[in-house]
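Numbering (the working numbering), first residue to last: 212 to 674.
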């Protein structure tokens, strides 16, 4: 039941992020929304750059550690987190001198990066203390605080700075709630031990985080190249909304599955038999592939209808034109970054992760620049980015194929059929309301069948 509650919490987080994007796009003018979007995307990149190595190292080492060792590792982990936060403030403040964004937006972006990184690190430690339900509740609370804070700031003052201030407040409230809800056990250790732990963290975590930074740079690069041609216009804002909106469901679903399943995969890989490790990884792959397929179908089938109601009129055409292909891009991008990388993470092949990420970035940059030079539309440019990402996936599959943790293809085919069915519902009218209710019912039944067949939450029937 805890797993079901955890997944529900992540789904709520995703829904809150979607509502936040729609709300801010309505409350801010197109130019302010573009600045808000660029600042938020840049802060995410900085957060990954400075804290992702600790997230990955903590997840890899804490998941397999005993109770006493985990308490020691947490002390070293939090000390490294505070050091990274200080370095981010210093380096980011110096680098901001060369930015064209207003100083207030830059300062708020740096603050968001620091608060989000520390909060994510603490929530991870709560999860790996066998408090999955508490961690899920904290994530849902933070999502509510982010939505409330950003929307209130944008509604009251109507500026990008106010909306970013609300985001900062949401992260701060989330961290405070985490400290109140659960104090993770810590064991203070000498500086020599801390430095030894940092060496182990950095040997694996920094390379793996480097790959994450490069992967995160890909949509940011696309944004800058295409927005650079479109400018701060309604079409540019519509494309930005598509990038902001459609990455969130895939990112949150991926985070939910990793939070629920990956610690067990690590334990089985480190302490279990080869057969048990392969079975554990295979179930995680099935979970990832099938649920993201259904999610892709749902986005294609329902987001356009919701957009006609929720997206501002001046941005609607740009959004509707690019939303389907952006959804496909994030589907492929998520599997390259998350699914294809599972086995290299288990085997600590961090250098390979960096090479694969750099290959994707180079290929996507090349095709996006060619598309911009040739005057292609944003939809065509993102389509070329999809092909580049798919090619990278095929090239990077070697370790996964050798591990032989293959999903059940019959289950994948059923998920694909459900995705096609749900996606095709977009061609049906949504009025009168009975039509919309029928579409939702069909999508819910198809999704439930895939979940039942896969037994993903271990709550359905067992083979």
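Using N, Cα and C, we set each Cβ at its ideal position, and we do this for glycine too.
Of the listed residues the options, nearest to residue i (C-alpha basis)
i           : options            : result
residue 469 : 460, 486, 499, 479 : 499
residue 316 : 327, 344, 376      : 376
residue 278 : 578, 557, 396      : 396
residue 575 : 302, 295, 594, 588 : 594
residue 326 : 231, 303, 382, 365 : 382
residue 696 : 541, 564, 259, 558 : Nothing can be reported for residue 696, as the shown portion of the chain is limited to 212 through 674.
residue 602 : 543, 643, 624, 557 : 543
residue 283 : 348, 398, 312, 390 : 398
residue 635 : 509, 361, 304, 430 : 509
residue 259 : 373, 356, 299, 657 : 299
residue 400 : 304, 280, 515, 518 : 280
residue 600 : 525, 426, 639      : 426
residue 612 : 361, 554, 513, 518 : 554
residue 302 : 340, 342, 314, 257 : 257
residue 604 : 473, 567, 664      : 567
residue 519 : 597, 387, 420, 637 : 637
residue 245 : 305, 271, 312      : 312
residue 434 : 596, 404, 658, 271 : 596
residue 614 : 527, 557, 658      : 557
residue 565 : 428, 403, 616, 525 : 428
Where residue i sits in the DSSP three-state scheme
i           : result
residue 370 : coil
residue 380 : helix
residue 559 : coil
residue 474 : helix
residue 313 : coil
residue 393 : coil
residue 587 : coil
residue 647 : helix
residue 334 : helix
residue 513 : helix
residue 219 : helix
residue 497 : helix
residue 417 : helix
residue 616 : coil
Contacting residues, own chain, Cβ-Cβ under 6 Å from residue i (five flanking each side not counted)
i           : result
residue 323 : 254, 378, 379
residue 320 : 250, 253, 254
residue 589 : 437, 450, 533
residue 667 : 498
residue 549 : 465
residue 409 : 291
residue 586 : none
Distance CB(residue i)-CB(residue j) smaller than 9 Å
i           : j           : result
residue 535 : residue 506 : no
residue 337 : residue 351 : no
residue 453 : residue 359 : no
residue 418 : residue 579 : no
residue 234 : residue 354 : no
residue 218 : residue 471 : yes
residue 561 : residue 655 : no
residue 547 : residue 607 : yes
residue 582 : residue 571 : no
residue 247 : residue 371 : yes
residue 511 : residue 552 : no
residue 496 : residue 618 : yes
residue 559 : residue 415 : yes
residue 236 : residue 474 : no
residue 622 : residue 653 : no
residue 610 : residue 664 : no
residue 369 : residue 515 : no
residue 339 : residue 273 : yes
residue 624 : residue 502 : no
Contact set for residue i: own chain, Cβ-Cβ below 8 Å, skip 5 residues either direction
i           : result
residue 466 : 221
residue 366 : 238
residue 332 : 262, 265, 266, 269, 288, 289, 292
residue 232 : 452, 455, 456, 459
residue 483 : 491
Beta-carbon contacts of residue i that lie in its chain and below 7 Å, excluding the five residues immediately before and after
i           : result
residue 479 : 487, 488, 491
residue 504 : 626, 627, 630
residue 296 : 325, 328, 329
residue 224 : 350, 351, 354, 463
residue 385 : 330, 349, 352, 353, 356
residue 388 : 349, 352
residue 276 : 284
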